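Counted from 1, the sequence shown has number 208 at position 200 by the working numbering; the numbering is strictly sequential. Cβ coordinates follow ideal geometry from the N, Cα and C atoms, glycine included. Source: prediction; values computed, not measured. To keep things clear, I will list the structure first and then write my remarks on it.
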Amino acid sequence: MGRLQGKVVLVTGAASGIGEACVERFLREGATVVGCDLAAPTRDLDLPAGVDPAGFVQLDVRDEHAVAELIASIVAEHGRLDGVVNSAGTAGGGPVHMVEAAEWERVLSINLTGTYLVCKHAIIAMLAQDPIDDERGSIINLASVEGLEGTAGGSAYNASKGAVVIFSKNMAIDYGARGIRVNAICPGFINTPMLQGVFGEGMDTVRADIIREHALRRLGKASEIAAAALFLLSDDASFVSGVALPVDGAYTAGRDHHVTELMGLS
Ligand code: NAI
């Protein structure tokens, strides 16, 4: 039996990267999955025979009416909403004095306000349903290591992700007594279309630096973030709430000044 057997899960940002990997993993673990994204999916997922594909709705997470309608339709069709992964997001920032206000608003509106709108309507649906094993639902918000630490030029992106971390903790406090768990995942740098877009021309040195700053000396895979999301959605995480979980190859563990190499660690 899959680890999400019988659960109904909504994934935003489902057409690409981490969201797409979540959809694929959750389907393989027996969940009924509905994905949504601003963009249409570009490929069929690699699923074993007998696994039904996910439902998909094209929408903008900044559109409250569309978000409310989607969640109501999931509950109408599947009877409940057990889990949500908020993976819709965008990159963007720069040194603050060079960031146009419109760009600031764009990044905050997708990464923070979009997350808020999906959480709001998911929580309304979860509060209205009976608990199963004391739980009404589990929500996971994609923050970032850049929501835990600053990075040069991070500005709008880092502000949005830091806000998602605290917002997730607050919801964990507000709704814990009603059986809703809320956690954030803080990925390191993950090899997805978003990161490939950031690592454009002339960024080879930056890319190499970033890889070196992960103690595991590589970028993460979307499937490794989906695995963490699977845990947080599953009954194995029934006492885990209010956590901002780094899944980052030890990027945030601390500094490496190469002293151990001087001491002979090869
Ligand atoms: P991605 O760019 O591959 O996928 C993001 C998806 O969100 C895209 O399909 C896009 O169309 C969708 N999206 C953007 N704006 C939307 C909107 N207004 N409404 C609905 N959908 C919208 O990005 P990736 O890498 O999969 O990122 C997923 C999440 O993880 C994002 O929140 C990102 O900030 C976060 N993250 C990613 C990291 C990375 O290195 N790739 C590191 C840390 C966090």
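| Asked | Found |
| --- | --- |
| CA-CA distance, T268 and V75? | 51 Å |
| Thinking C-beta only, is V42 closer than 8 Å to G21? | no |
| Are there 16 or more other CB atoms within 10 angstroms of the CB of F247, so buried, or fewer, so exposed? | exposed |
| Closer than 7 Å: is that where the CB of S95 sits relative to any heavy atom of the ligand NAI? | yes |
| Can you list, in chain order, the residues of its chain with a C-beta nearer than 8 Å to that of A223? Leave out the 5 residues immediately preceding and following it. | G257, A258, Y259, A261, D264 |
| Please report the Cβ distance between N275 and G101, rounded to the nearest whole angstrom; I am assuming they are in contact, meaning their Cβ atoms lie under 8 Å. | Residue numbering for the chain in the displayed model covers 9 to 274; residue 275 lies beyond these limits and cannot be assessed. |
| When the Cα of C44 is compared with those of A84, N94, I140, which residue comes out closest? | N94 |
| Does the distance from the CB of L241 to the CB of I148 come in under 8 Å? | yes |
| Any heavy atom of the ligand NAI inside 7 Å of the beta-carbon of V69? | yes |
| Does the beta-carbon of M134, which I'm using as the reference point, lie nearer than 7 Å to any heavy atom of the ligand NAI? | no |
| So is the beta-carbon of M170 under 7 Å away from any non-hydrogen atom of the ligand NAI? | According to the sequence provided, residue 170 is Gly. The question's Met does not apply to it. No, the beta carbon of G170 sits no closer than 7 Å to any heavy atom of the ligand NAI. |
| So P195 is in the beta strand (DSSP E); what residue range does that whole segment cover? | 188 to 195 |
| Short check: CB of S176 to CB of V190, under 8 Å? | yes |
| Can you say whether T213 is buried or exposed, counting buried as having 16 or more other CB atoms within 10 angstroms of its CB? | exposed |
| Taking the straight line between their C-alpha atoms, what separation do you get for G10 and L53? | 18 Å |
| So L156 and A130 are supposed to be a Cβ contact under 8 Å. How far apart are they, rounded? | Incorrect: roughly 24 Å between the Cβ atoms, too far for contact. |
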